[in-house]
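Note that full-length UniProt numbering numbers the sequence shown so that position 110 is 110, with each residue one more than the last.
What follows is one structure encoded as structure tokens, with my remarks underneath.
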Amino acid sequence: MVDGKVRNVGVQTKAAIENQRLTISRLTSSVDEWQSGVEYTCSAKHKQSSTAVSKRTRMARVEPEKPHLRLLPPSPNEVQNGTSATLTCLIRGFYPDNIRVNWEKDGASVSKNITNFPTALEQSLTYSTRSLLVVPAVEWKSGAKYTCTASHPSSQSIVKREISHTKGETIISHKRIGSSSVKSDESKNGEGPLVAY
């Protein structure tokens with residue numbers, strides 16, 4: 001049944017498999033109908049029983065969750081002992097899993113030396129992912145400003161973090177861009193720009 005109404009169209013039932021007490025019934029539905037939240041009920045009754053067994057299901061409606069972004073600087077050992085520096089962009093807490101991550105250097109788009117990882121489902125039933133950008137250590141030390149941007153269409157949210165290294169300090173700032181305005185998360189979290197030594 002679909003929303004309490006019996007449906008025979010799109011139903012396929014396979015007879016019991018030999019030597020097994022098993023019958024399989026499948027209902028084919030449209031994507032639009034499934035996403036509309038209608039309730040599906042499957043009922044089965046053995047010919048020797050007077051009581052039918054029923055199970056119900058429907059698509060769970062989950063509100064979109066905005067992503068939270070954290071930008072990590074390269075380790076001091078990597079910068080001091082090598083020629084490259086790895087910036088890590090951690091994105092978590094978003095739902096559903098459609099998300100786009102972009103990098104910029106001093107306002108210009110960066111497309112090379114980027115590694116984007118697949119999204120992962122967390123115990124909170126939200127998703128997380130990360131993106132790595134490898135830059136020359138000399139550019140990192142020169143004070144260039146790098147920006148990681150996470151765009152999440154489902155929640156109409158764009159989150160940015162900027163990071164730079166000047167005068168021996170790493171400075172990280174955070175901005176969230178909604179559908180109609182730009183606002184800082186720093187006041188919401190009671191935090192100013194993060195400074196790491």
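Each residue gets a CB set at the ideal place from its N, CA and C atoms; glycine is no exception.
The model shown is predicted, which means the values in this text are computed figures rather than measured ones.
**OP:** Note down, in chain order, each residue of its chain lying with its Cβ closer than 8 Å to the Cβ of A120, except the 5 sequence neighbours on either side.
**Re:** By 1-based counting over the sequence shown, the position of residue 120 is 120. Cβ neighbours of A120 beyond the five flanking positions: Y127, S128, T129.
Original post:
Any idea if Q12 is buried or exposed, counting beta-carbon neighbours within 10 angstroms, 16 or more meaning buried?
Top reply: One-based indexing of the sequence shown puts residue 12 at position 12. Answer is exposed; the Cβ neighbour count stays below 16.
Original post:
Considering only residues of the same chain and omitting the five flanking positions on each side of D3, which have a CB-CB separation below 7 Å?
Top reply: In the sequence shown, the residue the question calls residue 3 occupies position 3. Only V38, E39 meet the Cβ criterion.
**OP:** With DSSP as the reference, label P96 as helix, strand or coil.
**Re:** As a first step, residue 96 is located in the sequence shown; it is residue number 96 there, counting from the start. The answer is coil: DSSP assigns P96 none of H, G, I, E or B.
Subject >> residue 198, enclosing beta strand (DSSP E) - first and last residue >> reply: Lying outside 1 to 197, the shown extent of the chain, residue 198 is not represented and no answer is given.
Subject >> Separation of S109 from Y146, as counted between CA atoms >> reply: Position 146 of the sequence shown, counting from 1, holds the residue named residue 146. Position 109 of the sequence shown, counting from 1, holds the residue named residue 109. Answer to the nearest angstrom: the Cα atoms are 10 Å apart.
Original post:
Once you ignore the five residues that flank S155 on each side, which residues in its own chain have a CB closer than 6 Å to its CB?
Top reply: The residue labelled residue 155 in the question sits at position 155 within the sequence shown. For S155, where only same-chain residues beyond five positions count, the Cβ hits under 6 Å are P64, K66.
Subject >> Unbroken stretches of the beta strand (DSSP E), 3 residues or longer, contained in the region 18-83 >> reply: 24-27, 40-44, 53-57, 68-72
Original post:
Under a three-way DSSP split, which group does V11 fall into?
Top reply: By 1-based counting over the sequence shown, the position of residue 11 is 11. Three-state result, V11: strand.
Original post:
What is the DSSP secondary structure of A137, counted as helix, strand or coil?
Top reply: Working through the sequence shown from its first residue, we reach residue 137 at position 137. Three-state DSSP puts A137 in a helix.
Subject >> Secondary structure of residue 205, DSSP reduced to three states >> reply: Outside the modelled stretch of the chain, which goes from 1 to 197, sits residue 205, for which no answer is possible.
**OP:** Can you have a look at L125 and say buried or exposed, based on whether 16 or more other CB atoms are within 10 angstroms of its CB?
**Re:** Here residue 125 refers to the residue found at position 125 of the sequence shown. Result: exposed.
Subject >> Coil, strand or helix - residue 211 by DSSP >> reply: Limits of the chain in this structure are 1 at one end and 197 at the other, which puts residue 211 out of reach.
Original post:
What is the DSSP secondary structure of residue 198, counted as helix, strand or coil?
Top reply: No statement about residue 198 is possible, as the shown extent of the chain runs from 1 to 197 and does not include it.
Original post:
Under a three-way DSSP split, which group does E104 fall into?
Top reply: Sequence index remark: in the sequence shown, residue 104 carries index 104 (1-based). Here E104 sits in strand by DSSP.
**OP:** Could you check what DSSP says for S109 in three-state terms: helix, strand or coil?
**Re:** Here residue 109 corresponds to residue number 109 of the sequence shown, with the count starting at 1. Looking at S109 - three-state DSSP - the assignment turns out to be strand.
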